[in-house]
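K.L.:
Going line by line, the protein sequences match chains A and B.
So for the first sequence, my numbering puts the first residue at -11; every next one is plus one.
So for the second sequence, my numbering puts the first residue at 1226; every next one is plus one.
Every residue, glycine too, gets a C-beta built ideally from N, C-alpha and C.
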Amino acid sequence: MSLLVRNEAVSQRQTEIEAKGSDSRNRSCGELSLRPRWDRDEWYEYLSQPGRQLVELHALTEDRFLSFGASLTDFHKRATAVSNLASSIQGKIIGDESSGGIQKLQMLIERMSIFIHDIRTISGQNERALFSICAALEQLQSPLQLFGEITRRLQIIGITTRIECSGFSDSQNNITHLSDSIRRLGRLIAGDMNEIIDQVAILYDLSKAAHCNESALNNGESARAMAVVAEARSVLEQLVTNSCRARQQSESLTKSSAAVTQSIAEIVSSIQFHDITRQQIEHVTESIEAFGQAISKNFRSGELADRESLEREIADGCRLQSEQLGNSGNELSAAVWRIIESLHSLSANVKNLASDTRELSGDTARGENNFFAAIESAIESVVTVLTDNLATAADSALAINAVVSTSAKMVHLVEEVEAFGAEMKVLALNASIESVHVKAGGSALGVIADSIQDLAREALLQSDRLSTGLIAITKSAKTLSGTNLGEVTSHDLKVATLISDSDLMLTELRQTNAQLLESFARMDQQADSLASDIFVSASSIKVHQEAGAIIDQGIAALNFIADRFDASARPGKRRGDTSLIKGIRQRYSMRSERDIHDRIVGGSKLLQEQPHPRSEKIYRDEAKEHGLGANVELF
Amino acid sequence: MKIKNREILHKKILIVDHSLIVRKMIGFALQGSDYEIIEAADGVDAVRIIYSQPIDLLVTAMDMANINGLELSRIVRETSGLEDLPIIMLTQDENRVLKNEARGVGISLLISKPFSHAQIFNLVKEVLG
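See the structure below:
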């Protein structure tokens, strides 16, 4: 039978009993007294009604509390899972995997910074060396131009010698040979010089281009890469700060989730209030049964006077049990309300837990996205700069190698020019000798000889300048050439290692963070679902209302009996002293029951408590010393 | 007080209470602690269990039908081999006479309802060592 149907049946029965009681009372008027008279069946009906209701109440509350206990056990299990997830998240955040990952990233960024610094250093050195080579090559322009002048003057002197000495018949052959020699020498020097000029121009262009590349790399990409690495470092610092905050937040989540689990366990403990109420209700039921037995006994004896006294006694007892039942209902209702409030509070706490989890998850995801964007940009820039540096360094190495090899050739040409200078000195000597042989016009040859002598000195001076400049260029270029090629090879390896290391590291970090975010999502979902279920469970608790309705009916039934006999109760012996009432008091197991009893029927020391050699306080103190709680007595 | 220093693992605890809710609640408090929990709804059922298998701890309510907690404890104490079985008694009775009787029977601990799950867990741990 459903609760509703049963309640309706009880209400209907109540109406019938009240009607019957009214008839009985009316019938009794003028018969024995004003008091109503009930036959045995009527008594049975009246007394069994609250008894049946209390049985129903017990079944209802036990069923509801068991069902509720099962829900709480499920909540506890789920809260424990959330708590374990929170601990796992905390472990991941503060664990070696995470802190180790951050340390590795810090090292990676420092490595990138060092790479960029090294590249800038090397590129700077190359830039400066190539600048010096270009400057030195430019400085060769002056002696080369002067050599142009020397060769031009040699050609003029050669022609002049032939013209001026055409009349010297006795020395004609010698002077012609001298003239031819001077012109030939001029052509030879001019040939060498042209070759040197061409080579210098080529070297200058090559060196200038390499210098421009180095300069562009140094001031462009590597400078930008330096800025990007600095940004990555700053983002990493932010990540470390976020990580510290995440540690605190995850610690807080772990504590909150553990508190939730603890709260559920406490609520589970509170369902034992049902048992306290159950015992109180059992005491009421037992009292009603005792009334029934007393009535049966009285009917068997047939003593009407005794019955009147018994009816009054039962009226007192029903009034008393009505109070006890009311108190039980209030205690049950209060206990259920405490549970409902605790559950609502718990639901709010779990909701906050889910919200905090979501916030921390969002922060982590945002931090991760910012960090990965920055670190990937930094790595990309560094790799680009390193790769471009390789190409530039290779170009510079080529230019420098060309400088070294070409300079060596040019030095050889300059050495030839120096030999031509010595030859010019010989020609000048020959011209001097011829000027002595020819009498007329000898002075002209003397001037030519002096001019050749001057040019020879000038040629030697300029070739020396050329030689010195070329030796210096070759020397510095050779030094740079060795260093640069070594660095290029080393950087090549560094780029490969950096790319490989960073790929591995970022993959690991992404996996760790993906796991973390997945745990966050699970915890958020589980906590959110738990909060909703707890809320629904709290909102659907109606046992206090259902039990309250039954208790109210039981109280009404007890009060009905009491009212029928109490209204005309005559002064008699003290109510609390009757055997029936004494028996009821002896059934109590709770202080609240005894207090209500004494308040209703008058206090009496019906049950003499015997003192024990050791006081209760001593037992409780002993339990307290063991940390067992104030409600424990340790014997 | 009789507190035994035994291993916690696989200890058998008999919980006797008329209320299924109280038995479930105590079972909940002790879950995951490697104790084996056996339940009895009254003293008669408890005696049958005690005579049929070894028990390491008896947790019994005082107020029960047929054989109450005090009578059950007396039976245990009078049974050969169970003289030292630790007994925790659950009560909501403020009656000093009954409490004195409990002490006389040789109850280890008496705990008044309501109690917390942590409290019952700690008590069991304390008693079983």
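Step through the CB atoms of chain B and report whether any lies within less than 7 Å of the CB of asparagine 619/A.
P.N.:
Translated into positions along the first sequence, residue 619/A becomes position 631. So yes, asparagine 619/A belongs to the interface.
K.L.:
Applying the criterion that 16 or more other CB atoms from any shown protein chain within 10 Å of the CB defines a buried residue, is isoleucine 147/A buried or exposed?
P.N.:
As a working mapping, residue 147/A is identified with position 159 in the first sequence. Result: exposed.
K.L.:
Verify the CB distance criterion: does glycine 57/A have a CB-CB separation below 7 Å to chain B?
P.N.:
Position 69 of the first sequence, counted from the first residue, corresponds to residue 57/A. For glycine 57/A, the answer is yes, since a Cβ of chain B falls inside 7 Å of its Cβ.
K.L.:
When DSSP builds the beta bridges, which residues end up paired with methionine 1314/B?
P.N.:
Stepping through the second sequence from its first residue, residue 1314/B is reached at position 89. DSSP lists Thr1285/B, Leu1335/B as partners of methionine 1314/B.
K.L.:
Does valine 272/A have its Cβ less than 7 Å from a Cβ in chain B?
P.N.:
For the purposes of this step, residue 272/A is identified with residue 284 of the first sequence, where counting begins at 1. For valine 272/A, the answer is no, since every Cβ of chain B falls outside 7 Å of its Cβ.
K.L.:
Anything in chain B within Cβ reach of arginine 266/A, meaning under 7 Å, just list it in chain order.
P.N.:
As a first step, residue 266/A must be located in the first sequence, where it is residue number 278. Those are Ser1244, listed as they occur along chain B.
K.L.:
Identify the continuous beta strand (DSSP E) that holds isoleucine 1280/B and give its terminal residues.
P.N.:
The residue you call residue 1280/B lines up with position 55 of the second sequence. Per DSSP, isoleucine 1280/B belongs to no beta strand (DSSP E) and is neither H nor E.
K.L.:
Mind checking which residues open and close the beta strand (DSSP E) that includes valine 620/A?
P.N.:
The count along the first sequence starts at 1 and reaches residue 620/A at position 632. Taken as a continuous stretch (DSSP letters only), the beta strand (DSSP E) holding valine 620/A covers 620 to 622.
K.L.:
Tell me the DSSP secondary structure of alanine 234/A in three-state form.
P.N.:
Your numbering for residue 234/A matches position 246 in the first sequence. Note: alanine 234/A maps to helix in three-state DSSP.
K.L.:
Let me see if you follow: with CB-CB separation under 7 Å, is valine 217/A close to chain B or not?
P.N.:
Stepping through the first sequence from its first residue, residue 217/A is reached at position 229. Valine 217/A does not count as touching chain B.
K.L.:
Report the start-end ranges of each beta strand (DSSP E) in the stretch 243 to 312 of chain A that is 3 residues or longer and not cut off at the edges.
P.N.:
None, since the stretch 243 to 312 of chain A contains no complete beta strand (DSSP E) of that length.
K.L.:
Hey, quick one: how far does the alpha helix (DSSP H) through valine 1241/B stretch, first residue to last?
P.N.:
To locate residue 1241/B, count along the second sequence from 1; it is residue 16. Looking at the DSSP string, valine 1241/B is not in any alpha helix (DSSP H); the run it does join, the beta strand (DSSP E), is 1237 to 1241.
K.L.:
Verify the CB distance criterion: does glutamine 1278/B have a CB-CB separation below 7 Å to chain A?
P.N.:
Against the second sequence, residue 1278/B aligns to sequence position 53. False, the Cβ-Cβ gap to chain A never drops below 7 Å.
K.L.:
Along chain A, which residues have their Cβ under 7 Å away from the Cβ of methionine 1289/B?
P.N.:
Taking the second sequence and counting its residues from 1, one reaches residue 1289/B at position 64. By Cβ distance, chain A contributes nothing, its closest Cβ being about 10 Å from methionine 1289/B, past 7 Å.
K.L.:
Counting only beta-carbon atoms, is proline 1339/B nearer than 7 Å to chain A?
P.N.:
Taking the second sequence and counting its residues from 1, the one referred to as residue 1339/B is at position 114. At least one chain A Cβ lies under 7 Å of proline 1339/B.
K.L.:
Could you check what DSSP says for glutamate 506/A in three-state terms: helix, strand or coil?
P.N.:
Within the first sequence, the letter at position 518 stands for residue 506/A. Three-state result, glutamate 506/A: helix.
K.L.:
Rank Val402/A, Val435/A, Ser222/A, Val405/A by C-alpha distance to the C-alpha of alanine 362/A and give the top, closest one.
P.N.:
To locate residue 362/A, count along the first sequence from 1; it is residue 374. Taking only the C-alpha atoms, the option nearest alanine 362/A is Ser222/A.
K.L.:
Does aspartate 1318/B come within less than 7 Å of chain A when only Cβ atoms are used?
P.N.:
Here the question's residue 1318/B lines up with position 93 in the second sequence. Interface residue, yes.
K.L.:
Over what stretch of residues does the beta strand (DSSP E) that includes isoleucine 1262/B continue unbroken?
P.N.:
As a position in the second sequence, residue 1262/B is number 37, starting the count at 1. Residues 1261 to 1265.
K.L.:
How is leucine 128/A classed by DSSP in three states: helix, strand or coil?
P.N.:
Counted from its first residue, the first sequence places residue 128/A at position 140. Coil at leucine 128/A, not helix or strand.
K.L.:
Taking valine 371/A as the reference, which of Leu481/A, Val531/A, Gly434/A has the closest Cα?
P.N.:
Taking the first sequence and counting its residues from 1, the one referred to as residue 371/A is at position 383. If we check each option's Cα against that of valine 371/A, Leu481/A comes out closest.
K.L.:
Kindly confirm or deny that the stretch 85 to 94 of chain A and the stretch 265 to 275 of chain A touch, where touching means at least three C-beta pairs closer than 8 Å.
P.N.:
Touching, no.
K.L.:
Along the chain, where does the alpha helix (DSSP H) containing isoleucine 185/A start, and where does it finish?
P.N.:
If you number the first sequence from 1, residue 185/A lands on position 197. Isoleucine 185/A -> alpha helix (DSSP H) spans 160 to 207.
K.L.:
At least one CB of chain A closer than 7 Å to the CB of methionine 1314/B: is that the case?
P.N.:
Here residue 1314/B is taken as the residue at index 89 of the second sequence, counted from 1. No, methionine 1314/B lies away from the interface with chain A (no Cβ there is under 7 Å from its Cβ).
K.L.:
Quick check: the stretch 56 to 71 of chain A against the stretch 517 to 534 of chain A, are at least 3 beta-carbon pairs closer than 8 Å?
P.N.:
Yes, since at least three Cβ pairs between the stretch 517 to 534 of chain A and the stretch 56 to 71 of chain A fall closer than 8 Å, the two stretches touch.
K.L.:
Taking buried to mean at least 16 other C-beta atoms within 10 Å of its own C-beta, is leucine 492/A buried or exposed?
P.N.:
By 1-based counting over the first sequence, the position of residue 492/A is 504. Exposed, because fewer than 16 other Cβ atoms sit within 10 Å of the Cβ of leucine 492/A.
K.L.:
Going by DSSP, what residue range makes up the alpha helix (DSSP H) through phenylalanine 1340/B?
P.N.:
Position 115 of the second sequence, counted from the first residue, corresponds to residue 1340/B. Unbroken run through phenylalanine 1340/B: none, as it is neither H nor E.
K.L.:
For the stretch 575 to 586 of chain A against the stretch 337 to 354 of chain A, do three or more pairs of beta-carbon atoms, one drawn from each stretch, fall closer than 8 Å, so that the two count as touching?
P.N.:
Judged by Cβ distances under 8 Å, the stretch 575 to 586 of chain A makes no contact with the stretch 337 to 354 of chain A, as fewer than three pairs qualify.
K.L.:
Residues of chain A with a CB under 7 Å from the CB of arginine 1302/B: which are they?
P.N.:
Counting from one through the second sequence, the residue named residue 1302/B turns up at place 77. Residues of chain A passing the Cβ test: none, with the nearest at roughly 13 Å.
K.L.:
Report the neighbours of alanine 253/A on chain B: residues whose CB is nearer than 9 Å to its CB, in chain order.
P.N.:
Here residue 253/A is taken as the residue at index 265 of the first sequence, counted from 1. Simply Phe1253, Ala1254, Ser1341, His1342, Ala1343.
K.L.:
Establish whether the CB of proline 601/A and some CB of chain B are separated by less than 7 Å.
P.N.:
If you number the first sequence from 1, residue 601/A lands on position 613. With a pLDDT of only 45 at proline 601/A, under 50, the local geometry of the prediction cannot be trusted, and no value is derived from it.
K.L.:
Quick check: the Cα distance between isoleucine 121/A and leucine 378/A, rounded to an integer number of angstroms?
P.N.:
Residue numbering aside, residue 121/A sits at position 133 when the first sequence is read from its first letter. Residue numbering aside, residue 378/A sits at position 390 when the first sequence is read from its first letter. Looking at the two C-alpha atoms, the distance is approximately 21 Å.
K.L.:
Would you tell me roughly how many angstroms separate the C-alpha atoms of alanine 634/A and valine 338/A, rounded to the nearest one?
P.N.:
Absent from the structure is residue 634/A, since the part of chain A shown begins at -11 and ends at 623.
K.L.:
Report the rounded CA-to-CA distance for glutamine 140/A versus asparagine 201/A, giving the unit in angstroms.
P.N.:
By one-based count along the first sequence, residue 140/A stands at place 152. By one-based count along the first sequence, residue 201/A stands at place 213. Per the sequence presented here, residue 140/A reads as arginine, with glutamine not at that position. Looking at the two C-alpha atoms, the distance is approximately 39 Å.
K.L.:
Along chain E, which residues have their Cβ under 9 Å away from the Cβ of serine 1333/B?
P.N.:
Among the protein chains of the structure shown, namely A and B, there is no chain E.
K.L.:
Below 8 Å CB to CB, which residues in the same chain sit around isoleucine 190/A once its five sequence neighbours on both sides are set aside?
P.N.:
Within the first sequence, numbered from 1, the residue matching residue 190/A stands at position 202. Excluding positions up to five away in sequence, the list reads Ala390, Thr394.
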